[in-house]
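The structure appears below as structure tokens.
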């Protein structure tokens, strides 16, 4: 099973200049809840940006395994580095994977994904990175407000 995890604004913004354009402790809390003890796949730029959100010694132990898609990174002790999505999918074909943060990695893995977990932030932003269109291939199976009245959590599954 491959699950994409993202927080998006109402107009599908996810990122700008290596930063999330909003501050939401609920979003971070929900993200940590989902990835704890999971195999997490991220883009190199995501990996490099995580220092903006989590101290190095605090975020990485949450995941069972951290995989980075990169053609430039080499030999970082607590992560596995792969050059292509195909390499990751072949190695982890019998495992659940959770794809996190960055529009490029979402585009790379969307066609392989079974589910999408979205946190909807109730504002619009004018930024540079957007979540890809997916609604034609997935259906919304549930939606709930999460702790605050404004933030919505959604689960989408691939159409059969």
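In this note's numbering, the protein residues as written are 34 to 193. Built from N, CA and C at the ideal position, the CB exists for glycine as well.
Selection from the options that minimises the alpha carbon distance to residue i
i           : options            : result
residue 128 : 58, 74 and 190     : 74
residue 65  : 83, 55, 54 and 52  : 83
residue 70  : 130, 178 and 120   : 130
residue 148 : 189, 176 and 62    : 189
residue 192 : 126, 177 and 143   : 143
residue 97  : 161, 67 and 108    : 67
residue 124 : 72, 57, 183 and 49 : 72
Same chain only: Cβ atoms within 6 Å of residue i, ignoring 5 sequence neighbours per side
i          : result
residue 76 : 102, 135, 137 and 138
residue 13 : The first residue shown for the chain is 34 and the last is 193, placing residue 13 beyond what the model contains.
residue 60 : 40 and 152
residue 45 : 163 and 164
Coil, strand or helix - residue i by DSSP
i           : result
residue 115 : strand
residue 168 : coil
residue 162 : strand
residue 97  : coil
residue 45  : coil
residue 106 : coil
residue 193 : coil
residue 69  : coil
residue 124 : helix
residue 52  : strand
residue 253 : Since the first and last residues shown for the chain are 34 and 193, residue 253 lies out of range.
residue 144 : helix
Residue(s) in a DSSP beta bridge with residue i
i           : result
residue 39  : 151
residue 130 : 35 and 72
residue 176 : 187
Beta-carbon contacts of residue i that lie in its chain and below 8 Å, excluding the five residues immediately before and after
i           : result
residue 116 : 102, 103 and 104
residue 43  : 153, 154, 155, 156 and 157
7 Å Cβ shell around residue i - same chain, five flanking residues per side excluded
i           : result
residue 145 : 35 and 122
residue 165 : 136, 139, 140 and 143
residue 172 : 189, 190 and 192
residue 63  : 152, 179 and 186
residue 183 : 155
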